[in-house]
Structure formats: C-alpha cells, structure tokens
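If you read the sequence shown in this note's numbering, its first letter stands for residue 12, the second for the next number, and so on. The beta-carbon is built from N, C-alpha and C at its ideal position, and this holds for glycine as well.
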Amino acid sequence: MKKPKSKAAVKRLRKRIRDKQDLPPMNRTNRPMTNLEQQVADMLDDMGIEYEREKALKYQAGWRYFDFHLIEHGALIEVDGEYYHDTRGKPSYVIMMAKKNDAIKNWLAKKEGYNLIRIKEKELLQEYDGVKEKISLLVGKENL
C-alpha cells in the first residue's frame, strides 16, 4: 500500500511541475468588467485609443494582470477601486497585501518598459475630464 503524501509535499510537487512548464497566461479577456473599468473602456473608445484588456506580464512563477494596455503607446492602465484600495475597516494584513501587489505591478510595468497610469475610483467619478486629460497627455493627443 502506497503512503499518502502530505499537503506540503503535494504543494512542492505542483510547484516543480508548474515551474517546468512555462505556461502562457490564462485568458481573462472574457472576464466581466467592473463598472469603473467599463467607464475607462468607454472613455478610451471615445478618444479613439486602441487597447487590449487584461494585459498579462510574467512575474516569477506566475502572472500579473493589468486592466488595460494601450497598444500603440506602450502604456498600461490600472483602475484602483475603493473595494480593494480603501483602508477603512480592513485588517492590516489585507491592506499590506494590496499595497504589496500594487508595488509589484508598478515595478513590473517599469521593468518591462511600460508607462503605468493608476486611476483611483474617486478621481474617475469626480474628475472625469481630468482623467481624460491625463490619458491624452500620455498618448500625445490634444483636446480629445
């Protein structure tokens, strides 16, 4: 009779298998957009900027996904909703992990040669024209 493996042994084995296979990122483009992402997508469509959703960049043994990739301009857009980025009433561990993920994404975008625009929910809802201007400055289009 074969001895069952411990959870830790199974986890190590899966990690070794995953590391040996350089699998492409999972296709997340069919994932439904949040309301904020839909507003940014509508804004980009109005501005005539070509984009792709859920741009994946390789990071260590996994992938990090960015909300939008402005194809012709070498830029990425991250929409930071309050649900994940608001610190009120959340345990410190959750806040720390969100900040760590943001820092990794900032570093990864810079390392890969992309400009990263972070759009906060409050900024998008209260200063829509300011966000539009920020994007148009980045892509070099005036008065969009």
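Inset, instruction - Give me the Cβ distance between R64 and T40, rounded to the nearest whole Å; I'm assuming they're in contact under 8 Å. - result: Taking the sequence shown and counting its residues from 1, one reaches residue 64 at position 53. Taking the sequence shown and counting its residues from 1, one reaches residue 40 at position 29. Right, the Cβ-Cβ distance comes to about 5 Å (below 8 Å), so this counts as a contact.
Inset, instruction - Using three-state DSSP, classify G151 as helix, strand or coil. - result: For the purposes of this step, residue 151 is taken as residue 140 along the sequence shown, with counting starting at 1. DSSP places G151 in coil when its eight states are reduced to three.
Legend entry - Reference E89, options K131, E144 and Q137, closest by Cα: Locating residue 89 in the sequence shown gives position 78, counting from the first residue. The option with the nearest alpha carbon to E89 is K131.
Inset, instruction - Please name the residue in Y139, R129, N112 and R27 whose C-alpha comes closest to that of R70. - result: Here residue 70 corresponds to residue number 59 of the sequence shown, with the count starting at 1. A small correction: the amino acid at residue 70 is Tyr; Arg does not occupy that position in the sequence shown. Out of Y139, R129, N112 and R27, N112 has the C-alpha closest to the C-alpha of Y70.
Legend entry - Heavy atom of the ligand FAD within 6 Å of R75 beta-carbon: With respect to the ligand FAD, the structure shown offers nothing to examine, as it has no ligands at all.
Inset, instruction - Jot down the residue ranges of each uninterrupted alpha helix (DSSP H) in the region 44–74, minimum 4 residues, whole runs only, in chain order. - result: 46–58
Legend entry - Under 7 Å between C-beta atoms of A120 and L87: Within the sequence shown, residue 120 is the residue found at index 109, counting from 1. Within the sequence shown, residue 87 is the residue found at index 76, counting from 1. Yes, they are a contact pair.
Inset, instruction - Output the boundary residues of the beta strand (DSSP E) element that contains K131. - result: The residue labelled residue 131 in the question sits at position 120 within the sequence shown. From DSSP, the beta strand (DSSP E) with K131 extends over N126 to K131.
Legend entry - Paired residues, beta bridge with D140 - DSSP: By 1-based counting over the sequence shown, the position of residue 140 is 129. Its beta-bridge partners do not exist; DSSP assigns none.
Legend entry - Collapsed DSSP secondary structure at E123 in the structure displayed: Within the sequence shown, the letter at position 112 stands for residue 123. It is coil, neither helix nor strand.
Legend entry - Proximal residues to G151 (C-beta, below 8 Å), its chain only, five neighbours per side dropped: One-based indexing of the sequence shown puts residue 151 at position 140. Hits under 8 Å: H84.
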